[in-house]
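Taking it in order: structure first as structure tokens, then the write-up.
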Amino acid sequence: MITLLILFGSYGVLYGLAHLGVFSEAVTQMDLAAYAMSFFLVFFGLSHFYKCKDLLRIVPGWVPFPRQTVYVTGVMELMFAIGLLIPSIRFATGIALVLFFVAIFPANLNKAMKGLHIPGALSSNLLSWVRLAYQPLFIGWTLYSIEVL
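Here the sequence shown stands for residues 1 to 149, where the numbers follow the working numbering.
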């Protein structure tokens, strides 16, 4: 799925660039993981604005102000992306991002339970259920990037 392609692909490109000497030797694997997650968050954070109508469909009915919630979560993803790039606030950003991933889990669960499809996304009902397993991966990736794991 596109989520894994974006995360692993950006990490692979960054890893390759690091081995070509594009980054200083001080850049660690954890830094590269943080940069990849940052790219991931920018990619998907921006989608909250140009795919708002589609994303509204996965917001659970009990969430107040669904349109504003989609926009706010998009802004939050962009802010997390910036925070992960700043070493002095990376740890705090990472902890907040882990909590964010937990908080958005109900939307992904709602999508899977209702069999909702987002146009333009490689998706099926089965893939929506598989996507739920990605949340722990994203959490683990974030914890690794802030040197908790």
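Note that CB positions come from ideal geometry on N, CA and C, so glycine has one too.
Once you ignore the five residues that flank T69 on each side, which residues in its own chain have a CB closer than 8 Å to its CB? For the purposes of this step, residue 69 is identified with residue 69 of the sequence shown, where counting begins at 1. Counting only Cβ-Cβ distances below 8 Å, and skipping sequence neighbours, we find V59 and V63.
Verify whether the separation of the beta carbon atoms of G74 and L97 is less than 9 Å. Translated into the one-based positions of the sequence shown, residue 74 becomes position 74. Translated into the one-based positions of the sequence shown, residue 97 becomes position 97. No, Cβ-Cβ distance for G74 and L97 is not below 9 Å.
C-alpha gap between N110 and V72, whole angstroms: Counted from its first residue, the sequence shown places residue 110 at position 110. Counted from its first residue, the sequence shown places residue 72 at position 72. Cα to Cα, the separation comes out at about 19 Å.
Express the C-alpha separation of P66 and V22 in angstroms, rounding to a whole number. Your numbering for residue 22 matches position 22 in the sequence shown. Your numbering for residue 66 matches position 66 in the sequence shown. Rounded to the nearest angstrom, the two C-alpha atoms are 42 Å apart.
For G94, count neighbouring C-beta atoms within 10 Å of its own C-beta (all shown protein chains included) and say buried if the count is 16 or more, exposed if not. On the sequence shown, position 94 is the one that residue 94 refers to. Looking at its Cβ environment, which holds 16 or more other Cβ atoms inside 10 Å, G94 is buried.
Within its chain, find whatever has a CB closer than 7 Å to the CB of A107; leave out the 5 residues flanking it on each side and keep chain order. Here residue 107 is taken as the residue at index 107 of the sequence shown, counted from 1. Excluding positions up to five away in sequence, the list reads I58, V59 and P60.
For M37 versus W141, is the C-beta distance shorter than 9 Å? Sequence index remark: in the sequence shown, residue 37 carries index 37 (1-based). Sequence index remark: in the sequence shown, residue 141 carries index 141 (1-based). Yes; because the gap between Cβ atoms is below 9 Å, this pair is in contact.
Thinking C-beta only, is S10 closer than 9 Å to F44? Within the sequence shown, residue 44 is the residue found at index 44, counting from 1. Within the sequence shown, residue 10 is the residue found at index 10, counting from 1. No, these two residues do not count as a Cβ contact at 9 Å.
If I follow the unbroken alpha helix (DSSP H) through A112, where does it start and stop? As a working note, residue 112 is residue 112 in the sequence shown. Looking at the DSSP string, the run of the alpha helix (DSSP H) that includes A112 is F105 to K114.
Which stretch, first to last residue, makes up the alpha helix (DSSP H) that contains F43? For the purposes of this step, residue 43 is taken as residue 43 along the sequence shown, with counting starting at 1. Start and end: Q29 to Y50.
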